[in-house]
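J.: Protein chains in written order, with our numbering: chain B, 4 to 343; chain R, 4 to 343; chain H, 4 to 343; chain Z, 4 to 343. The structure is given below, and queries will be raised subsequently.
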């Protein structure tokens with residue numbers, strides 16, 4: 004941490020700053036520039052977390068040198084994390100595919116979807132039971148019944164189950180019926196939920212918030228990891244920008260940035276990013292080509308009959324074609340897909 | 004609702020669309036343009052909510068004519084809502100002032116803050132008990148103890164108590180100890196929490212999400228109102244943009260837009276919008292000059308000693324000066340402040 | 004300037020950095036932290052402008068302590084600039100009002116507009132002669148003829164003339180016919196034009212670019228001032244964000260930020276910010292209440308007949324009402340309006 | 004075009020609207036809904052371009068059914084455009100590679116760069132002669148001398164020359180020395196320059212503005228095409244968002260959107276999008292995988308010695324590696340690279 008001193012600060016002001024730092028067990032290093040004096044602060048700054056040094060007379064600004072996170076940082080595991088979920092890996096050689104309908108709608112629908120998903124080479128079945136809808140009058144999901152159907156469908160074909168949980172109340176059910184808890188964009192900074200999810204020990208698929216910076220996203224992952232739960236998978240799903248041609252703007256640059264800053268695996272959600280089924284394949288390809296570890300894609304046996312997000316779901320044929328292309332791309336990226 | 008037909012649609016495609024609409028009890032009105040055919044849809048469109056007409060062969064796009072919300076819309080109460088909270092009003096002639104520290108830190112601190120706040124003419128005392136912090140290692144608030152202290156301080160000077168609730172678990176305590184539940188920007192689309200808050204019947208101060216459009220914000224208010232709780236106050240607190248000179252970008256335009264679209268009162272939070280105490284007064288003045296119904300401002304007896312958001316809190320003297328200016332401005336705006 | 008050294012840098016890498024700095028006549032000050040080594044750089048850094056220190060082995064990042072601009076910075080004129088234009092001042096005690104139609108359309112229209120504008124207390128008449136239109140098929144302005152008509156109308160009532168110039172080709176005409184050159188949002192970083200405008204010595208009204216940070220905006224002003232032309236007035240006209248309820252998002256926070264960083268006067272354009280005549284008054288009031296030095300407002304004798312931006316122009320009655328409110332607000336802000 | 008009538012409009016208001024439309028030679032089609040009356044407008048709406056129907060009493064809003072552009076629209080050339088430049092094609096089977104240094108710095112530098120660029124399989128050499136720099140004190144390019152050196156270098160190895168032009172003054176020189184005129188992000192809506200560039204008949208590489216919507220970008224292309232110049236190549240180079248980890252946010256979704264809306268070819272600039280050489284390859288791969296027709300990449304013989312944008316330029320080895328990967332990816336995309 005560096006403290007830039009105001010040009011008109013008096014010696015007394017500077018001495019007060021130094022005294023405060025030394026009281027907190029820190030060493031200082033003063034550097035006299037031609038236009039500004041700078042105070043370098045050496046030692047464990049966490050003691051200063053609640054001390055508003057910015058408010059001291061004489062302080063112009065504070066410059067932080069180190070990133071604010073600990074467990075999520077690349078330095079914590081320079082080789083990268085491979086998340087193991089009942090023998091399936093995310094972040095290893097094999098690209099991960101998570102697919103399934105936006106929402107679990109019926110036994111028939113999810114059973115059929117599970118077969119399609121499996122046939123394309125995915126290892127994980129997704130399906131929403133609790134749906135965050137912009138309007139209170141829209142279909143809100145089958146809730147607990149949806150989780151049970153998802154479990155049954157996943158088991159019927161040997162897939163693992165992924166579903167979004169929106170409330171601490173539902174974590175017990177999650178633990179009973181699903182293998183990976185998804186945290187959606189709208190709860191990306193619901194810190195209470197993040198902590199509780201951290202305590203469950205279940206693997207977490209953490210979507211990026213709609214206007215969350217990469218540093219805030221990693222901060223949210225730190226909330227989960229700080230509870231001792233290290234199985235976190237990040238998911239880029241598009242951010243909000245001024246452009247309205249697509250539902251969101253897929254930030255592919257986030258992939259190399261995350262690889263640089265963190266050891267956690269990152270996958271891409273081209274369905275929510277684009278909001279349109281015909282854009283899903285180009286965005287999925289872009290994500291993998293940029294280095295993502297996998298995809299989460301919406302696939303529905305009959306998109307026209309879907310109860311939510313109908314226009315962004317692939318049908319089985321479109322999904323198989325996507326899987327074929329991903330398999331080819333995997334080779335160029337020196338990754339595997341569907342081989343195991 | 005209007006359906007624009009694709010230029011290459013066949014008669015069969017158009018007939019299928021019409022048949023679907025008529026099956027749902029709707030009337031259609033066809034208009035043949037030089038370049039496009041347009042289908043006007045007449046009747047109660049809510050039956051179509053889960054029918055993805057966009058996916059039908061022949062449909063180019065759907066244009067919605069009416070706003071998606073019902074209870075929050077201006078048409079529901081053209082004269083505007085005045086929210087009554089234990090005899091205090093928000094949205095009436097008197098401008099509302101809510102003030103107090105970012106977080107309740109101690110009995111001494113909140114009691115002193117309450118006296119300052121009262122002296123400036125405010126009717127509501129704010130103070131955070133559950134704090135949403137970007138880092139899991141930062142001060143997280145005094146929790147239940149904080150709510151009790153806030154109640155005690157508010158009662159000691161005759162103010163009403165406002166505090167943020169982040170979890171359904173804490174709603175029972177909220178009902179016991181506070182008068183207005185604040186929903187923060189990070190939970191602005193935590194729909195489960197919104198529904199539960201709606202059920203409590205307590206007045207709700209609903210902050211705008213960090214990248215929430217005005218229509219989404221009104222949709223969130225609709226969640227609360229659809230549970231029968233009509234006492235909702237909107238709060239503009241700055242949105243996220245590319246500009247980083249201030250913590251957020253206060254969207255003053257939202258004030259006349261809300262006045263046009265909705266009957267709900269709207270107040271402004273200049274403290275979170277700016278993130279800097281010296282910018283609080285200009286932004287507070289701007290908000291009232293644009294037509295806001297009040298302010299929520301962070302005031303701390305000793306900002307330098309604050310455990311969170313220290314650099315954006317006013318001290319008592321700065322707060323009194325702000326109140327004086329607001330009182331003058333109120334006259335020009337034909338509103339009152341501190342008279343009652 | 005501070006250089007943060009990579010954790011794994013070797014002594015050789017650090018010595019190379021130091022050697023490069025010393026070759027450029029700079030002194031260094033090394034500070035050994037617990038996790039990072041930091042090199043403080045002392046002296047005139049402008050010599051380093053073209054040296055990519057970021058690329059040297061061993062450099063993690065560069066932190067700039069000082070702002071990049073010189074002439075526009077507050078330190079250059081701590082008391083603030085008052086711009087004198089033929090005896091009229093902008094940035095002094097009197098709030099400045101610039102008003103007039105979006106475009107000069109005819110002799111009759113601009114003569115009538117000039118009378119209205121004068122009657123409301125403005126000192127400056129605006130009117131576009133060269134119009135930047137999104138579509139090449141839309142009305143592009145009367146060009147040179149428009150400048151001449153604007154001059155005639157301004158002279159007829161004793162106002163000064165303000166108009167947008169989009170090309171270096173038109174600067175000679177500008178010098179002949181108008182008193183203040185306006186640079187529009189779309190040319191905010193047209194550096195060639197900025198330099199040429201700087202050379203004319205004419206006062207410049209510099210609008211903020213549609214997605215220009217405050218620092219970039221000040222950099223654009225620096226381009227003009229670096230040519231010896233110090234009469235620059237900044238104009239906040241709304242920035243582009245995700246919110247689409249208004250044409251742009253007026254960034255009122257920019258006003259106190261500019262006052263802190265720069266000595267240049269700043270005015271507000273509520274017409275382009277809102278894009279809707281009924282929002283002009285609330286945004287104008289907000290701008291002045293936040294500390295702006297004046298306004299530029301679109302006023303048209305008959306908005307329904309306007310050839311461009313019809314829906315955001317005030318008619319004479321709406322303009323007079325705005326002027327009355329601004330006059331009242333001026334008193335609270337300890338400024339004058341229409342007194343001189 | 005559809006006109007939505009206000010719920011409280013009188014018959015007289017509606018008749019006035021209809022009369023205005025019919026006066027302009029348009030037919031109307033009235034549709035009576037349960038909550039709103041809608042007027043469909045049939046015929047050539049261009050006559051209404053300057054008539055502010057929005058301002059008529061009785062009009063709630065206008066809904067445009069058709070896109071505002073003509074020549075750039077997909078319908079104009081459904082099979083897509085292949086731009087021919089002296090026998091080289093952009094938009095055809097072969098992926099196009101444009102590479103070279105940010106700025107032409109010296110004869111030696113650009114000759115060496117040309118050889119490297121050619122060796123990697125590119126057909127076009129880029130190099131800036133006029134540089135748009137944020138600070139007026141930074142290196143501004145070699146100007147005319149730079150164009151001449153670029154020409155010489157391109158000819159020495161049989162490449163075509165691409166360079167940015169910032170002013171109408173320089174178009175004559177452009178026509179003499181270069182093969183493709185680049186319009187940069189900061190001049191993306193400099194309409195005067197766009198028109199003049201249109202008149203030259205030279206192929207134009209049109210970068211997207213920093214906060215330009217896709218529709219505005221196509222509007223800028225329409226400016227060039229409306230002058231009879233149909234050889235326009237679009238270039239996605241990243242947009243401005245709240246995220247600051249990268250210089251800009253590459254909007255890969257723009258690629259399928261452009262392919263849907265327009266017939267023009269689109270290439271990607273991963274260098275400016277990322278601002279960091281190590282991110283260039285992932286973003287370049289993402290762009291091609293999303294369906295782009297080519298790349299423009301910054302390559303410098305010795306990036307550490309570069310006079311501008313040093314940290315985002317590739318060295319020769321990094322560039323060759325990128326070309327190898329693009330060649331592999333081309334096969335999957337059923338495109339060619341470096342075969343001809």
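All residues carry an ideal CB built from backbone N, CA and C; glycine is no exception. Remember, predicted model here, so these are calculated numbers, not experimental data.
Taking the straight line between their C-alpha atoms, what separation do you get for residue 293(H) and residue 239(R)?
T.: Here residue 293(H) corresponds to residue number 290 of the third chain, with the count starting at 1. Here residue 239(R) corresponds to residue number 236 of the second chain, with the count starting at 1. If you take the alpha carbons of residue 293(H) and residue 239(R), they lie about 16 Å apart.
J.: Going along chain R in order, which residues have a C-beta closer than 7 Å to the C-beta of residue 254(H)?
T.: The count along the third chain starts at 1 and reaches residue 254(H) at position 251. Within chain R, the residues near residue 254(H) are 246, 252.
J.: If you follow the beta strand (DSSP E) that residue 32(H) is part of, which residue opens it and which one closes it?
T.: Looking up residue 32(H) in the third chain gives position 29. Here the beta strand (DSSP E) through residue 32(H) covers 30-35.
J.: Would residue 99(R) and residue 273(R) be called neighbours here (beta carbons separated by less than 9 Å)?
T.: Position 96 of the second chain, counted from the first residue, corresponds to residue 99(R). Position 270 of the second chain, counted from the first residue, corresponds to residue 273(R). No. Outside cutoff.
J.: So, helix, strand or coil for residue 168(Z), using DSSP?
T.: Taking the fourth chain and counting its residues from 1, the one referred to as residue 168(Z) is at position 165. If DSSP states are grouped into helix, strand and coil, residue 168(Z) belongs with coil.
J.: Using a Cβ-Cβ cut-off of 7 Å (strictly less than) and excluding sequence neighbours within five positions of residue 83(B), which residues of its own chain qualify?
T.: Taking the first residue of the first chain as 1, we reach residue 83(B) at position 80. Here the set comprises 94, 266.
J.: Based on Cα-Cα distance, which residue from 237(H), 37(H), 58(H), 154(H) lies nearest to residue 48(B)?
T.: Taking the first residue of the first chain as position 1, residue 48(B) is located at position 45. Checking every option, the nearest Cα to that of residue 48(B) belongs to 37(H).
J.: Closer than 8 Å is the cut-off here; do at least three beta carbon pairs connect the segment 225-235 of chain B with the segment 200-214 of chain B?
T.: Yes: at least three Cβ pairs fall under 8 Å.
J.: Expressed to the nearest angstrom, what Euclidean distance is found between the alpha-carbon atoms of residue 295(B) and residue 256(H)?
T.: Reading the first chain from its first residue, position 292 is the one you call residue 295(B). Reading the third chain from its first residue, position 253 is the one you call residue 256(H). Near 38 Å, if we compare the C-alpha coordinates of residue 256(H) and residue 295(B).
J.: Where does residue 70(Z) fall in DSSP's three states?
T.: Position 67 of the fourth chain, counted from the start, is the residue given in the question as residue 70(Z). Residue state, collapsed to three classes: coil.
J.: So that I know if they touch, is there some Cβ in chain H lying closer than 9 Å to that of residue 299(R)?
T.: Translated into the one-based positions of the second chain, residue 299(R) becomes position 296. No, residue 299(R) lies away from the interface with chain H (no Cβ there is under 9 Å from its Cβ).
J.: Quick check on residue 3(H) - is its C-beta less than 9 Å from some C-beta in chain R?
T.: The question about residue 3(H) has no answer, for chain H in this structure spans 4 to 343.
J.: Where residue 91(R) and residue 41(B) are concerned, what is the direct C-alpha to C-alpha distance, given to the nearest angstrom?
T.: The residue labelled residue 91(R) in the question sits at position 88 within the second chain. The residue labelled residue 41(B) in the question sits at position 38 within the first chain. Approximately 51 Å, taken between the alpha carbons.
J.: My assumption, with CB atoms under 8 Å, is that residue 285(R) sits in contact with residue 71(H). Please give the rounded CB distance.
T.: Here residue 285(R) is taken as the residue at index 282 of the second chain, counted from 1. Here residue 71(H) is taken as the residue at index 68 of the third chain, counted from 1. Not really, about 25 Å apart at Cβ, beyond 8 Å.
J.: Give the DSSP-derived three-state secondary structure of residue 158(Z) in the structure shown.
T.: Locating residue 158(Z) in the fourth chain gives position 155, counting from the first residue. Helix at residue 158(Z).
J.: Among the candidates 78(H), 302(H), 45(H), whose CA atom is the shortest distance from the CA of residue 280(H)?
T.: Translated into the one-based positions of the third chain, residue 280(H) becomes position 277. Looking at the Cα atoms, 302(H) is the closest of the given residues.
J.: Starting from the beta carbon of residue 34(Z), find every residue of chain R whose beta carbon is closer than 8 Å, and list them in chain order.
T.: Residue 34(Z) sits at position 31 when you count from the first residue of the fourth chain. Ordered by position in chain R, the residues that pass the 8 Å Cβ test against residue 34(Z) are 32, 34, 43, 45.
J.: At what residues does the beta strand (DSSP E) containing residue 129(Z) begin and finish?
T.: The sequence position of residue 129(Z) within the fourth chain is 126, counting from 1. 127-129 is the extent of the beta strand (DSSP E) around residue 129(Z).
J.: When the Cβ atoms of the segment 246-253 of chain B are set against those of the segment 243-251 of chain R, are three or more pairs found closer than 8 Å?
T.: No, they do not touch.
J.: I need the straight-line Cα distance from residue 62(H) to residue 9(H), nearest angstrom please.
T.: Reading the third chain from its first residue, position 59 is the one you call residue 62(H). Reading the third chain from its first residue, position 6 is the one you call residue 9(H). In a straight line, the C-alpha of residue 62(H) is about 6 Å away from that of residue 9(H).
J.: At the level of alpha carbons, what is the spacing between residue 199(H) and residue 174(H)?
T.: Against the third chain, residue 199(H) aligns to sequence position 196. Against the third chain, residue 174(H) aligns to sequence position 171. Each residue's alpha carbon lies about 8 Å from the other.
J.: DSSP state of residue 105(H), grouped into three classes?
T.: Indexing the third chain from 1 puts residue 105(H) at position 102. Residue 105(H): coil per DSSP, three-state reduction.
J.: The beta strand (DSSP E) with residue 302(H) in it runs from where to where?
T.: Stepping through the third chain from its first residue, residue 302(H) is reached at position 299. Neither: residue 302(H) is in no beta strand (DSSP E) and is coded neither H nor E.
J.: Could you spell out the range, first to last residue, of the beta strand (DSSP E) harbouring residue 5(Z)?
T.: Within the fourth chain, the letter at position 2 stands for residue 5(Z). Counting along the chain, the beta strand (DSSP E) containing residue 5(Z) begins and ends at 5-8.
J.: To the nearest angstrom, how far is the alpha carbon of residue 123(Z) from that of residue 322(Z)?
T.: One-based indexing of the fourth chain puts residue 123(Z) at position 120. One-based indexing of the fourth chain puts residue 322(Z) at position 319. Using only the alpha carbons, I get a separation of about 7 Å.
J.: Report the CB separation of residue 142(Z) from residue 311(Z) in whole angstroms; it is logged as a contact under 8 Å.
T.: Start at 1 with the first residue of the fourth chain, and residue 142(Z) comes out as number 139. Start at 1 with the first residue of the fourth chain, and residue 311(Z) comes out as number 308. Between residue 311(Z) and residue 142(Z) the Cβ distance is about 6 Å, and since that is below 8 Å, they are a contact.
J.: Hey, does residue 210(R) have any beta-carbon neighbour from chain B nearer than 9 Å?
T.: The sequence position of residue 210(R) within the second chain is 207, counting from 1. Cβ-Cβ to chain B under 9 Å: no for residue 210(R).
J.: Compare the Cα-Cα distances from residue 125(B) to each of 299(B), 331(B), 228(B) and report the closest residue.
T.: As a working mapping, residue 125(B) is identified with position 122 in the first chain. Nearest option by C-alpha distance: 299(B).
J.: What would DSSP say about residue 252(H), mapped onto helix, strand or coil?
T.: Residue mapping note: residue 252(H) aligns to position 249 of the third chain, counting from 1. Three-state DSSP puts residue 252(H) in a strand.
J.: Could you tell me how far apart the beta carbons of residue 153(Z) and residue 132(Z) are, in whole angstroms, since I believe they sit closer than 8 Å?
T.: By one-based count along the fourth chain, residue 153(Z) stands at place 150. By one-based count along the fourth chain, residue 132(Z) stands at place 129. Yes, they are in contact, since the Cβ atoms of residue 153(Z) and residue 132(Z) sit about 7 Å apart, within 8 Å.
J.: In chain order, which alpha helix (DSSP H) runs of at least 4 residues are fully inside the segment 309-335 of chain R?
T.: Those alpha helix (DSSP H) runs which fall completely within the segment 309-335 of chain R and span 4+ residues are 319-335.
J.: Since residue 100(R) sits in a beta bridge, which residues does DSSP pair it with?
T.: For the purposes of this step, residue 100(R) is taken as residue 97 along the second chain, with counting starting at 1. Answer by DSSP bridge pairing, in chain order: 298(R).
J.: Using Cβ-Cβ distances below 8 Å, what residues of the segment 275-298 of chain Z are close to chain B?
T.: Listed by position along the chain: 276, 277, 281, 282, 285, 286, 288, 289, 290, 291, 292, 293, 294.
J.: What are the boundary residues of the alpha helix (DSSP H) that includes residue 218(Z)?
T.: In the fourth chain, the residue the question calls residue 218(Z) occupies position 215. Run containing residue 218(Z): 217-228, per the alpha helix (DSSP H) assignment.
J.: So which residues on chain B does residue 214(R) lean against when the C-beta distance must stay under 7 Å?
T.: For the purposes of this step, residue 214(R) is identified with residue 211 of the second chain, where counting begins at 1. Residues of chain B passing the Cβ test: 213, 214, 243.
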